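Down below is the structure, laid out as structure tokens.
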Amino acid sequence: MIPFTQEVVDVIRSIPAGRVMTYGQVARLAGNPRAARQVAWILHSLSRTEQLPWYRVLNAKGEISLDGDEQQLALEAEGIVFERPGKLSLSRYQV
């Protein structure tokens, strides 16, 4: 695994239950603030094999993916309350 990919995996694993990060935030903490799309690709590629809590990573608006029923249910199971379907308060839940 290349170093940036490993850093992304480590950052995502560090997100505590009931909290979220944005793609850009993960990229910045992993050492490349301009790599939000790469973070999305890494999540897509490695979530299952690395058993990542992929559902804790959202876009910069605090919105889940377009087909995000599974993501919303997983976050709600951790105690996150959505403002409206697919949208949560980053100021309340962001690490």
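Following UniProt numbering from start to finish, the sequence shown increments by one per residue and tops out at 95. Just so it is clear, CB atoms sit at the ideal spot from N, CA and C, and this is done for glycine as well. Since the model is a prediction, treat every value here as computed from it, not as a measurement.
Looking only at C-alpha atoms, which of L46, V8, V20 and P53 sits nearest to A36? Among L46, V8, V20 and P53, the Cα nearest to that of A36 belongs to V8.
Can you say whether T22 is buried or exposed, counting buried as having 16 or more other CB atoms within 10 angstroms of its CB? Taking a 10 Å sphere around the C-beta of T22, we find 16 or more other C-beta atoms and assign the residue as buried.
Option in N59, I42 and A60 with minimal Cα separation from L52: Considering only alpha carbons, the answer is I42.
T5 in three-state terms, based on DSSP: Correct three-state label for T5: helix.
Suppose you measure from the CA of E78 to the CA of R48; what does that come to, to the nearest Å? Each residue's CA atom was taken as its position, placing E78 and R48 some 19 Å apart.
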